[in-house]
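The sequence shown maps to residues -24 to -1, 1 to 113 in mature numbering (1 follows the signal peptide of the UniProt record, and there is no 0). The C-beta atom is built at its ideal place from N, Cα and C for all residues, glycine as well.
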Amino acid sequence: MQLAHFARLLLCLVVFRDLWHTYSDALAASKETLITTVSDANLMYEFLLRRLVIDEDNNVGMQDQEMASMKLGRVFLSRINDDVPKTVPGMQELLIMFEGEQQSLTEDNFETLILGIIYSAYQAREKRQESQQQAWA
């Protein structure tokens, strides 16, 4: 009887493990890479040239709605709004986490760092008080 319970438990663990890997693979695949080609990098540069806007909730948007509706534009806005901290302490914590990693940055972390630099530059420009500008700089 105990052998049957053990076999059932083992089967459940194997199924759970397979489901967990499938779920985590799906999550990893759902986060698209922002820049994969030179063309993507040029398009991201166009996003920055056409100006980004930060609303009162600290969400980033694009003034050019046509660019914002492009696939890469949607990925860019999703990544900058979902992955980048919106406060100075949050940004400092992210940098400390990156500094503490033993290996070089992953592609995902590198893109998050670049987007964080972009967000910080926009925040530094938008802030009126010099102390706030210095904090974001």
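Do I56 and I11 have their beta-carbon atoms positioned less than 8 Å apart in this structure?
no
G92 and V60 - do their beta-carbons sit closer together than 8 Å?
yes
Return the chain-ordered list of same chain residues with a C-beta closer than 8 Å to the C-beta of T(-3), the five sequence neighbours on each side being excluded.
In this prediction, T(-3) scores a pLDDT of 44, lower than 50, which makes its location untrustworthy; the coordinate-derived value is nonetheless stated afterwards. Counting only Cβ-Cβ distances below 8 Å, and skipping sequence neighbours, we find nothing.
From what residue to what residue does the alpha helix (DSSP H) around V51 run?
47 to 59
For chain C, check one thing: does any of its Cβ atoms lie closer than 8 Å to the Cβ of F23?
Of the protein chains in this structure there is only one, and it is not chain C.
Within this structure, are the beta carbons of R26 and D40 separated by less than 8 Å?
Going by C-beta atoms, R26 is nearer than 8 Å to D40.
Give me the Cβ distance between M73 and S96, rounded to the nearest whole Å; I'm assuming they're in contact under 8 Å.
With a beta-carbon spacing of about 16 Å, M73 and S96 fall beyond the 8 Å limit used to define contacts.
Go through the segment 61 to 104 residue by residue and report every complete run of the alpha helix (DSSP H) that reaches 4 residues or more, in order.
64 to 76, 83 to 102
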